[in-house]
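K.L.:
Encoded as structure tokens, here's the structure I'll be asking about.
There are 2 protein chains.
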Amino acid sequence: MAGKVYLIGAGPGAQDLITVRGARLLAQADIVLHDALVTPEMLALCPQAELIAMGKRSGQRSVAQQIINQHLVDCAGRAALVVRLKGGDPMLFGRADEELRALEEAGIEVEIVPGVTTAVAAAAATRQPLTKRGVARSVAFFTSSTAPEHAELDAIPNTDTLVQYMGGREAIATAERLLAHGRKPDTPVVVIENVSRADQRIHRMDIAALSQGLGMPAGPVLVMIGEAMRARLHQPAD
Amino acid sequence: MAGKVYLIGAGPGAQDLITVRGARLLAQADIVLHDALVTPEMLALCPQAELIAMGKRSGQRSVAQQIINQHLVDCAGRAALVVRLKGGDPMLFGRADEELRALEEAGIEVEIVPGVTTAVAAAAATRQPLTKRGVARSVAFFTSSTAPEHAELDAIPNTDTLVQYMGGREAIATAERLLAHGRKPDTPVVVIENVSRADQRIHRMDIAALSQGLGMPAGPVLVMIGEAMRARLHQPAD
Numbered sequence: 001m002a003g004k005v006y007l008i009g010a011g012p013g014a015q016d017l018i019t020v021r022g023a024r025l026l027a028q029a030d031i032v033l034h035d036a037l038v039t040p041e042m043l044a045l046c047p048q049a050e051l052i053a054m055g056k057r058s059g060q061r062s063v064a065q066q067i068i069n070q071h072l073v074d075c076a077g078r079a080a081l082v083v084r085l086k087g088g089d090p091m092l093f094g095r096a097d098e099e100l101r102a103l104e105e106a107g108i109e110v111e112i113v114p115g116v117t118t119a120v121a122a123a124a125a126t127r128q129p130l131t132k133r134g135v136a137r138s139v140a141f142f143t144s145s146t147a148p149e150h151a152e153l154d155a156i157p158n159t160d161t162l163v164q165y166m167g168g169r170e171a172i173a174t175a176e177r178l179l180a181h182g183r184k185p186d187t188p189v190v191v192i193e194n195v196s197r198a199d200q201r202i203h204r205m206d207i208a209a210l211s212q213g214l215g216m217p218a219g220p221v222l223v224m225i226g227e228a229m230r231a232r233l234h235q236p237a238d
Numbered sequence: 001m002a003g004k005v006y007l008i009g010a011g012p013g014a015q016d017l018i019t020v021r022g023a024r025l026l027a028q029a030d031i032v033l034h035d036a037l038v039t040p041e042m043l044a045l046c047p048q049a050e051l052i053a054m055g056k057r058s059g060q061r062s063v064a065q066q067i068i069n070q071h072l073v074d075c076a077g078r079a080a081l082v083v084r085l086k087g088g089d090p091m092l093f094g095r096a097d098e099e100l101r102a103l104e105e106a107g108i109e110v111e112i113v114p115g116v117t118t119a120v121a122a123a124a125a126t127r128q129p130l131t132k133r134g135v136a137r138s139v140a141f142f143t144s145s146t147a148p149e150h151a152e153l154d155a156i157p158n159t160d161t162l163v164q165y166m167g168g169r170e171a172i173a174t175a176e177r178l179l180a181h182g183r184k185p186d187t188p189v190v191v192i193e194n195v196s197r198a199d200q201r202i203h204r205m206d207i208a209a210l211s212q213g214l215g216m217p218a219g220p221v222l223v224m225i226g227e228a229m230r231a232r233l234h235q236p237a238d
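Structure, rendered in structure tokens:
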């Protein structure tokens with residue numbers, strides 16, 4: 001048996017924000033290995049498949065990743081069409097490098113199906129373009145170090161718009177570093193939880209307020225910062 | 001008549017890389033206003049719709065944008081479901097701000113459907129993750145000024161990975177500025193044309209080579225730069 005593995009981006013969570021190609025492959029899959037963040041409605045697209053939950057949370061990451069890699073190789077040895085389903089896009093904060101290496105070393109064919117990354121879904125949900133003529137010509141997507149004590153070693157991006165993935169815990173540190181780099185305290189900030197899902201929540205503030213903390217539970221939170229986040233005159237309420 | 005306008009991201013070009021939601025709305029649309037870069041196969045998803053091509057190329061941008069805005073408002077006045085279809089994602093280099101302003105000022109309901117942005121589709125096509133554990137924790141998407149004589153005023157992003165949209169013409173300037181900022185000449189670069197389409201082409205080089213120019217016709221070219229672009233040991237050929 002020499003199965004093929006598809007790394008597929010599920011998008012932000014809503015069932016119909018996966019790509020047509022991704023949905024078609026899910027409906028054909030023999031086995032689907034999915035992240036903890038993939039929604040039940042997304043898994044409803046592959047009722048025929050054997051589901052394997054790869055619950056990966058922060059902490060003990062490298063051990064868990066090795067187990068996932070081994071699972072992928074094993075599954076390709078016993079099934080024709082194996083899907084590795086990840087939230088968002090697999091090539092952006094998706095640990096694809098480790099999984100591609102393991103599969104390639106084992107001689108297994110891999111294809112990647114891109115997905116809607118959380119930042120552009122958040123831009124759509126909040127009606128805030130990430131780029132804006134004359135205001136924002138660059139945007140950075142970043143995370144902080146998994147070891148918070150090393151966070152200050154990461155360079156803070158110098159782009160017009162900044163989007164911090166999994167930015168809940170690090171919100172205060174990010175705001176303080178932006179202020180230290182000369183960003184204006186009234187620069188608008190949009191924080192969004194559970195993008196595209198029924199329990200989506202949007203919070204608007206500025207960098208000064210962000211530096212006081214989010215004061216909210218830390219689900220999968222995205223923090224978007226920059227002048228492009230300023231609401232328009234006739235923009236409808238969130 | 002008070003129609004609703006959907007700003008929809010078509011994704012990189014392949015017909016099945018639009019989202020399920022985007023495809024469904026296209027099939028229901030009364031009118032579809034599409035960019036020049038949207039592929040014929042994508043427009044085959046809306047055979048019932050009146051198609052209006054919004055051919056926008058570089059030069060005379062603001063005039064063209066005003067005409068597009070007026071078209072959108074007019075169409076919403078005579079049809080129930082109007083789609084504004086853009087390549088990639090509408091909120092990233094999609095001029096969404098201008099169109100949202102015009103529609104909101106006219107009191108027209110707007111909804112945004114995100115799409116697969118070209119950078120993550122290029123990462124999938126080339127099998128090069130944009131982020132990579134221990135190597136790349138941040139990525140910037142940027143364009144240069146439309147006025148080349150002002151390009152040096154834009155800050156060059158300081159992120160680990162850089163992706164320049166519409167980067168063909170500015171390739172030499174970008175490479176020279178990265179070298180001036182201390183990036184290593186052998187930093188890998190991947191240039192990709194017509195991502196996900198039948199005529200997709202991938203070119204691998206380094207910053208030193210990029211500084212000598214691309215030596216190729218400038219279609220819609222994406223330039224990806226950074227250590228995350230280094231090919232893996234067992235990575236299949238492009």
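Chains as they are written, first to last, in UniProt numbering: chain A, 1 to 238; chain B, 1 to 238. Glycine is no exception: its CB is placed at the ideal position from the N, C-alpha and C atoms. Bear in mind that the values here come from a model prediction, so they are computed numbers and not experimental data.
1) What did DSSP end up calling leucine 43/A once you bin it into helix, strand or coil?
2) Run down chain B in chain order and give the residues with a C-beta less than 7 Å from the C-beta of histidine 234/A.
3) Does aspartate 89/B come within less than 7 Å of chain A when only Cβ atoms are used?
4) How would you write the range of the alpha helix (DSSP H) that isoleucine 156/B sits in, first residue to last?
5) Between which two residues does the beta strand (DSSP E) harbouring glycine 9/A extend?
6) Mind pulling the chain B residues with CB within less than 7 Å of leucine 210/A?
7) How far does the alpha helix (DSSP H) with glutamate 227/A in it reach, from first residue to last?
8) Would a C-beta distance cut-off of 7 Å place valine 38/A and leucine 51/A closer than the cut-off?
9) Between the alpha carbons of cysteine 46/A and glutamine 15/A, how many angstroms are there, rounded?
10) For the alpha helix (DSSP H) that arginine 101/B lies in, which residues bound it at each end?
11) On the premise that glycine 226/B lies in contact with aspartate 160/B, defined as a C-beta separation below 8 Å, what is that separation, rounded to the nearest angstrom?
12) Quick check on arginine 95/B: buried or exposed, where buried means 16 or more other Cβ atoms within 10 Å of its Cβ?
13) If you draw a straight line from the C-alpha of lysine 132/A to the C-alpha of aspartate 89/B, how long is it?
14) Which residue wins for smallest C-alpha separation from aspartate 30/A, given the options Ala231/A, Gly13/A and Arg84/A?
15) Starting from alanine 121/A, trace the alpha helix (DSSP H) both ways and give me its first and last residue.
16) Measure the C-alpha to C-alpha separation of valine 110/B and threonine 117/A and round it to an integer number of angstroms.
17) Please determine, among Pro236/B, Ala231/B and Gly22/B, the residue with the shortest C-alpha to C-alpha distance to alanine 124/A.
18) So what's aspartate 35/A in DSSP terms, helix, strand or just coil?
19) For a quick check, are the C-beta atoms of residue 244/A and serine 196/A less than 7 Å apart?
20) So with CB distances below 8 Å, who are the chain B contacts of proline 220/A?
21) When we look at the beta-carbon of lysine 184/B and count the other beta-carbons within 10 Å, is it buried (16 or more) or exposed?
22) Measure the alpha-carbon distance for glycine 3/B versus leucine 81/B and round it to whole angstroms.
23) With distances taken from CA atoms, which of Gly213/B, Gln212/B, Val189/B and Ser211/B is nearest isoleucine 202/B?
24) Can you name the residues that DSSP bridges to threonine 19/B?
25) Just by C-beta distance, which residues in the region 71 to 97 of chain B are closer than 8 Å to chain A?
26) Shortest alpha-carbon distance to methionine 91/A belongs to which of Leu100/B, Ala119/B and Pro236/B?
27) Since glutamate 109/A sits in a beta bridge, which residues does DSSP pair it with?
28) Does the distance from the CB of alanine 10/B to the CB of glycine 115/B come in under 7 Å?
29) Measure the Cβ-Cβ separation of isoleucine 207/B and alanine 175/B and say whether it is below 7 Å.
30) Taking the continuous alpha helix (DSSP H) assigned at leucine 214/A, which residues delimit it?
31) At a Cβ threshold of 7 Å, is proline 129/B touching chain A?
32) Assuming leucine 81/A is part of the alpha helix (DSSP H), what are its boundary residues?
33) Nearest to leucine 7/B by alpha carbon, out of Arg169/B, Ala102/B and Ile112/B?
34) Can you give me the Cβ contacts of leucine 210/B inside the same chain, cut-off strictly under 6 Å, excluding the 5 residues immediately before and after it?
35) Would you mind sorting histidine 34/B into buried or exposed? The rule is 16 or more other CB atoms within 10 Å of its CB.
36) Quick check on DSSP: helix, strand or coil for histidine 71/A?
P.N.:
In short, the structure shows the following:
1) Assigned with DSSP and collapsed to three states, leucine 43/A falls in helix.
2) By Cβ distance, chain B contributes Glu104 and Glu105.
3) With 7 Å as the cut-off, aspartate 89/B counts as an interface residue toward chain A.
4) Isoleucine 156/B -> no alpha helix (DSSP H), and no H or E assigned at all.
5) Segment 4 to 9, the beta strand (DSSP E) holding glycine 9/A.
6) Within chain B, no residue comes near leucine 210/A; the closest Cβ sits about 18 Å away, beyond 7 Å.
7) Secondary structure note for glutamate 227/A: it is in no alpha helix (DSSP H), with a DSSP letter that is neither H nor E.
8) Taking 7 Å as the Cβ cut-off, valine 38/A and leucine 51/A do not qualify as a contacting pair.
9) A straight-line Cα-Cα distance of about 12 Å links cysteine 46/A and glutamine 15/A.
10) From DSSP, the alpha helix (DSSP H) with arginine 101/B extends over 96 to 105.
11) Contact check for aspartate 160/B and glycine 226/B: beta-carbon distance about 6 Å, within the 8 Å limit, so the pair qualifies.
12) Label assigned to arginine 95/B: buried.
13) Cα to Cα, lysine 132/A sits roughly 13 Å from aspartate 89/B.
14) From the listed residues Ala231/A, Gly13/A and Arg84/A, the smallest Cα separation to aspartate 30/A is found for Arg84/A.
15) Annotation: the continuous alpha helix (DSSP H) that includes alanine 121/A extends over 118 to 126.
16) Their backbone Cα atoms lie some 21 Å apart in a straight line.
17) Residue Gly22/B is the option with its Cα nearest to alanine 124/A.
18) Aspartate 35/A carries a strand assignment under DSSP once its states are collapsed to helix, strand and coil.
19) It is not possible to answer for residue 244/A, since the shown part of chain A is limited to 1 through 238.
20) Per Cβ cutoff of 8 Å: no residues; proline 220/A is ~16 Å from chain B at best.
21) So lysine 184/B ends up on the exposed side.
22) When only Cα atoms are considered, glycine 3/B and leucine 81/B end up about 6 Å apart.
23) It is Val189/B whose Cα lies nearest to the Cα of isoleucine 202/B.
24) DSSP lists Thr19/A as partners of threonine 19/B.
25) Result list: Asp89, Pro90, Met91, Leu92, Phe93, Gly94, Arg95, Ala96 and Asp97.
26) The residue among Leu100/B, Ala119/B and Pro236/B with its C-alpha nearest the C-alpha of methionine 91/A is Ala119/B.
27) Per DSSP, Lys4/A.
28) Contact check for alanine 10/B against glycine 115/B passes: the beta carbons are separated by less than 7 Å.
29) Yes.
30) Unbroken run through leucine 214/A: none, as it is neither H nor E.
31) Closer than 7 Å to some Cβ of chain A, the Cβ of proline 129/B qualifies, so yes.
32) Run containing leucine 81/A: none in the alpha helix (DSSP H); it sits in the beta strand (DSSP E), 81 to 86.
33) If you compare the alpha carbons of Arg169/B, Ala102/B and Ile112/B with that of leucine 7/B, the shortest gap goes to Ile112/B.
34) Contacts found: Ala171, Ala175 and Val189.
35) By the C-beta density criterion, histidine 34/B is buried, having at least 16 other C-beta atoms within 10 angstroms.
36) In the structure shown, histidine 71/A adopts helical secondary structure according to DSSP, grouped into three states.
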